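Protein chains in written order, with the working numbering: chain A, 5 to 622; chain B, 393 to 503; chain C, -5 to 161.
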Amino acid sequence: MSNNAWLIAALPLGAFALIALGARRSPALSAWLTILAIGLGGALSLQVLREIAAGARIEQSMEWLPLGHGLGLTVGFQVDPLTAIMLVVVTSVSLLVQIYSLGYMHGDNGYSRYYAAMSLFTFSMLGLVLANSLLTMYIFWELVGLCSYLLIGHWHERPEASAAAKKAFIVTRLGDFGFLLGILFLYWHAGTLEFRGLEEAAAAGRIPAAALTVGMLLVFCGAVGKSAQFPLHVWLPDAMEGPTPVSALIHAATMVVAGVYLMARTFPLLEHSATAMMVVAVVGGFTAIFAASMGIVANDIKRVLAYSTVSQLGYMIMAIGLGAMSAGMFHLFNHAFFKALLFLCAGSLIHLMDTNDLSAMGGLRRQRPITFIATTIAALSLAGIFPLSGFWSKDEILAAAASTNPLLFAAALATVFLTATYMFRLIFLAFLGNPRGQTHDHPEPLSMTIPLLVLIVPSVASGLLGTALFGNPFGSFLEGRAVTAEVNLPVAGISTAVALAGILLAWVLYGDGRVEASARLAARFQPVHTLLVNRYYMDHLYNGFVARIVLGFGWLSNRIDLSLIDAFVNGIGSTTISAATSMRRMQSGQLQAYAWAFFAGTVALAVVAALPLLMGTR
Amino acid sequence: MPPAFPPLYPITLQHGLILGAALFSIGLAGALTKRNSIVILMAIEVMLNGVNVTFVAFARQLEPAVLTGQVFALFIITVAAAEAAVGLALIIAIYHLRHSVQIDEANELQG
Amino acid sequence: MPVDFLVAGGFYTFGLASIIGAIGLIVARNVFHSALFLVVTLASVAAVFVILGADFLAAVQVLVYVGAVMILILFGLMLTPVNLEVPHLASAGQAVSGVLVAGAVFIVTTATLVSVQWPKVVGIPSDAPTTEQIGESLFTTYALPFEIASVLLLVAMIGALVIAREG
Chain A
5 MSNNAWLIAA
15 LPLGAFALIA
25 LGARRSPALS
35 AWLTILAIGL
45 GGALSLQVLR
55 EIAAGARIEQ
65 SMEWLPLGHG
75 LGLTVGFQVD
85 PLTAIMLVVV
95 TSVSLLVQIY
105 SLGYMHGDNG
115 YSRYYAAMSL
125 FTFSMLGLVL
135 ANSLLTMYIF
145 WELVGLCSYL
155 LIGHWHERPE
165 ASAAAKKAFI
175 VTRLGDFGFL
185 LGILFLYWHA
195 GTLEFRGLEE
205 AAAAGRIPAA
215 ALTVGMLLVF
225 CGAVGKSAQF
235 PLHVWLPDAM
245 EGPTPVSALI
255 HAATMVVAGV
265 YLMARTFPLL
275 EHSATAMMVV
285 AVVGGFTAIF
295 AASMGIVAND
305 IKRVLAYSTV
315 SQLGYMIMAI
325 GLGAMSAGMF
335 HLFNHAFFKA
345 LLFLCAGSLI
355 HLMDTNDLSA
365 MGGLRRQRPI
375 TFIATTIAAL
385 SLAGIFPLSG
395 FWSKDEILAA
405 AASTNPLLFA
415 AALATVFLTA
425 TYMFRLIFLA
435 FLGNPRGQTH
445 DHPEPLSMTI
455 PLLVLIVPSV
465 ASGLLGTALF
475 GNPFGSFLEG
485 RAVTAEVNLP
495 VAGISTAVAL
505 AGILLAWVLY
515 GDGRVEASAR
525 LAARFQPVHT
535 LLVNRYYMDH
545 LYNGFVARIV
555 LGFGWLSNRI
565 DLSLIDAFVN
575 GIGSTTISAA
585 TSMRRMQSGQ
595 LQAYAWAFFA
605 GTVALAVVAA
615 LPLLMGTR
Chain B
393 MPPAFPPLYP
403 ITLQHGLILG
413 AALFSIGLAG
423 ALTKRNSIVI
433 LMAIEVMLNG
443 VNVTFVAFAR
453 QLEPAVLTGQ
463 VFALFIITVA
473 AAEAAVGLAL
483 IIAIYHLRHS
493 VQIDEANELQ
503 G
Chain C
-5 MPVDFLVAGG
5 FYTFGLASII
15 GAIGLIVARN
25 VFHSALFLVV
35 TLASVAAVFV
45 ILGADFLAAV
55 QVLVYVGAVM
65 ILILFGLMLT
75 PVNLEVPHLA
85 SAGQAVSGVL
95 VAGAVFIVTT
105 ATLVSVQWPK
115 VVGIPSDAPT
125 TEQIGESLFT
135 TYALPFEIAS
145 VLLLVAMIGA
155 LVIAREG
């Protein structure tokens, strides 16, 4: 099967093509085609996972653009443990989210379009995961960016949605530009873009150290954009304008982790540059605490989760920067499940209330007990409470930070505290206390409930794959050798205590759904609150400063274009026109004038030909 | 070599050629200056006759045994006849359209 | 020699007549006069053909030109009444420039052919009848052009019919 792993990606592409070619007329058919394709893909992924676990390694590529001198560009795919894990994560979460969408998107005008885009996205994401070279990856990288744009803007008639889609696309493009430069830079130095070739070149020291640092930092720019790291994090909270299942799949579980995956995939290169690793770790650590602090004050349930996602992505990036690549991937693995679960729960509430506003919710535990339980479990997992999945991966990351960089460890601990606080603030405000808003009376469709129930299982248990208790199968699988995980007891104890403290703080402040506590706190800590609510004025900075520079430059370019380039081009045009206007008078339409010109020309030619004779050379 | 006209007598190749050139040029002058398109057609016939005279003169002086020039002239007469037929048909068609055969009025192709 | 003298006299007489006819064609105001001047030219050229030893061609000239083409032209003249108030020549500028170019063509051509050293006569000019020889070569050496000419005539006939009908 592994030899044909590309099939996994091809299946959703086929679904997309079928929907685009005609199945779109039947929304139900579109949906089931997508689900079928991804279900099959999921089954194949599990089979691939088994074969990889048994020791298989696949890499196939073909020449795309031969450039001579042994250089050239190739496209191809590879399957190794990293790929296999990502395949399983992407297909399983996709499958659940798309089943969930059956109910959530029911009756939507763009139902078929939604599923077509979802299929295309899954294809792109799987292609990205399977890619065996930076170039192939970059192609799919841009494709997922496109799909993200399409899906954020799914309700494009809403101006906020189309603005958010544009923002997401442009901001991530900014990072992608760096990524592209990095690709070119690495190609310049290594002469290949295949991961294997790059790793060999780096290991053999064929890439100068400085060049490797610059190249990897440029590649990291792509990850910063796609994984919403500081300072390009601004698009992800706005991306919540898309349908909630999209947020769950793309902006929590899969696409945004592409950056993390990229760093994990290029980790063998990153390892050789201490500077680049340092930068990666610091950016990740800073993003983690930075985003978590904004999550404290957000009142939009999805934005809270979005900040949480940014923060957790920062965790993973930090882990990779600290050299704990498998810990970062482990957290990615666990996070995909419990964050998808959280988003689907949020979707369940939004479906019930038709609002994202936490202050309009309250007391929902009675109407949606299953959602309540699922959210609580996922939140505990996210906060890192023993023995849920988040605990294990977070502990590994914290242990890595504790042993290498105390400053980052402190930031990570603070993030743990903030994470626990904002998550339980969310739960208390949404589920406890008395109802504050109108709810629909319809029961939740089964297609939405089942994915919640299914996702509870990995949210609780996926962490066990990486524990010392079972011999750390996850780490061993990823590294391809037996790796033991040690539970760092002091770190685990401290982080659990901090998380519990955070939950306690949330209870003291917001327990029983005391929404008015927000206003009181806001008044009490006015400057801080203002800063946080305005998201550290990052958006203002971009809009007021960066955008002004860009617009000014654009204005200048426009002027230059109009007054220089266009003037030149138009000048050519008008010269031609005036020349033609004067020349066309010769075209009198008079037959005799033409005949006259013909004979006059003949005579002239004859005279010219005879000139040497007439001048007396003979 | 300075141009030297042949003596008036006896008749040589050059006499025929000059006659042909004269007929051709006079026909050309007519074709360029007359207004009636049928007259222009006639002038063109004169030009063709000038050419025929040239061919015949060559045939007599250069290749008297083969008569290539005469055969060529024969074909020119054939083509001229065809040309006259088609040309007159065109002129009549134009006349139907504009009730005039003045060539200077047919200037639809003016740029 | 008397024969040469006769030849020269004939050549000058009919050559001059053909040139006069051609000039008359241009100068005449009335199109019918032009047509009559054309007849003079064509007939004179036929006579020149005889003098130059092309007896068959002279017969063809008379039959085809004077007989057929002229009739065709006269029909064309009759079918297209001419407004006699319109000047028969083009505008003065065009007329003068046209004559100038025609004159230039004549000068250039004449200058060329009098200055060229033409090859000597390769065979003795014969005044023998040419009909048999031309007929033979038409069916041997020039069979293909002959056939093509016949196709051309057919096409011209059909084309003339179609154009004249649809006009």
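Beta carbons are placed, not taken as given, at the ideal position from N, Cα and C, and that holds for glycine.
Computed from a predicted structure; not experimentally measured.
In this structure, residue 434(A) lies away from residue 497(A), with their beta-carbon atoms at least 9 angstroms apart. Inter-residue distance for residue 140(C) and residue 133(C) is about 8 angstroms (C-alpha atoms, whole angstroms). The residue from 558(A), 364(A), 395(A) with its alpha-carbon nearest to that of residue 495(A) is 395(A). For residue 609(A), no chain B residue has a C-beta closer than 8 angstroms to its own C-beta; the minimum C-beta separation is roughly 16 angstroms. Taking the beta carbon of residue 452(B) as reference, the chain C residues within 8 angstroms of it are 46, 47, 48, 119, listed in sequence order. Taking a Cβ-Cβ cut-off of 8 angstroms, the neighbours of residue 96(C) in chain B comprise 417, 418, 420, 421, 424, given in sequence order. Looking only at 28(C), 46(C), 32(C), the smallest Cα-Cα distance to residue -3(C) is reached by 46(C).
Rounded to whole angstroms, residue 320(A) and residue 34(A) show a C-alpha spacing of 35 angstroms. The straight-line gap separating the alpha-carbon atoms of residue 455(B) and residue 414(B) is approximately 23 angstroms. Between residue 65(A) and residue 7(A), the C-beta spacing is not below 9 angstroms.
Residues of the same chain with a CB within less than 7 angstroms of the CB of residue 83(C), apart from the 5 flanking positions on each side, are 89 in chain order. Going by C-alpha positions, residue 484(A) is about 17 angstroms away from residue 199(A).
Going by beta carbons, residue 393(A) and residue 306(A) fall outside the 9 angstroms limit. Chain-order list of chain A residues neighbouring residue 127(C): empty, with the shortest C-beta distance near 35 angstroms, by a criterion of under 7 angstroms.
Along the stretch 13 to 35 of chain C, going in chain order, the ones with a CB nearer than 9 angstroms to a CB of chain B are 13, 15, 16, 17, 19, 20, 22, 25, 28, 29, 31, 32, 35. About 6 angstroms separates the beta carbons of residue 486(B) and residue 498(B), which is inside the 8 angstroms limit, making them a contact pair. Contacts between residue 160(C) and chain B, judged by CB atoms closer than 8 angstroms, involve 485 in chain order. Sorting 108(A), 117(A), 131(A), 430(A) by C-alpha distance to the C-alpha of residue 9(A) places 131(A) at the top. In this structure, residue 67(C) sits away from residue 35(C), with a CB-CB distance that is not shorter than 9 angstroms.
Beta-bridge partners assigned by DSSP to residue 75(A): 72(A). Put simply, the CB of residue 139(C) is near chain B, with a gap under 9 angstroms to one of its CB atoms. 470(A) is the residue among 470(A), 377(A), 348(A) whose C-alpha sits nearest the C-alpha of residue 338(A). Taken atom to atom, the span from the alpha-carbon of residue 90(A) to that of residue 24(A) is near 27 angstroms.
Shortest Cα-Cα distance from residue 81(A) to any of 197(A), 148(A), 522(A) involves 197(A). Annotation for residue 343(A): the continuous alpha helix (DSSP H) segment containing it runs 329 to 357. Within its own chain, the residues whose Cβ lies closer than 8 angstroms to the Cβ of residue 412(A), once the five positions on either side in sequence are excluded, are 285, 286, 289, 322, 326, 405, listed in chain order. Nearest to residue 148(A) by C-alpha distance, out of 373(A), 169(A), 125(A), is 125(A). Contact between residue 444(A) and residue 362(A) is absent: CB atoms are separated by about 18 angstroms, not below the 8 angstroms threshold.
Within chain A, the residues whose beta carbon sits less than 7 angstroms from that of residue 91(C) are 600, listed in sequence order. Rounded to the nearest whole angstrom, the CA to CA distance from residue 155(A) to residue 118(A) is 7 angstroms. Look at residue 458(B) here: in three-state DSSP terms it is coil, with no helix or strand label. For residue 66(A), the three-state secondary structure derived from DSSP is strand. Contact note: residue 88(C) reaches chain A through 596, 597, 600, using a C-beta cutoff of 8 angstroms and chain order.
Within the DSSP secondary-structure output, residue -1(C) pairs in no beta bridge. Assigned with DSSP and collapsed to three states, residue 494(B) falls in strand. Residue-level contact by beta carbon holds for residue 106(C) and chain A, with a gap shorter than 9 angstroms.
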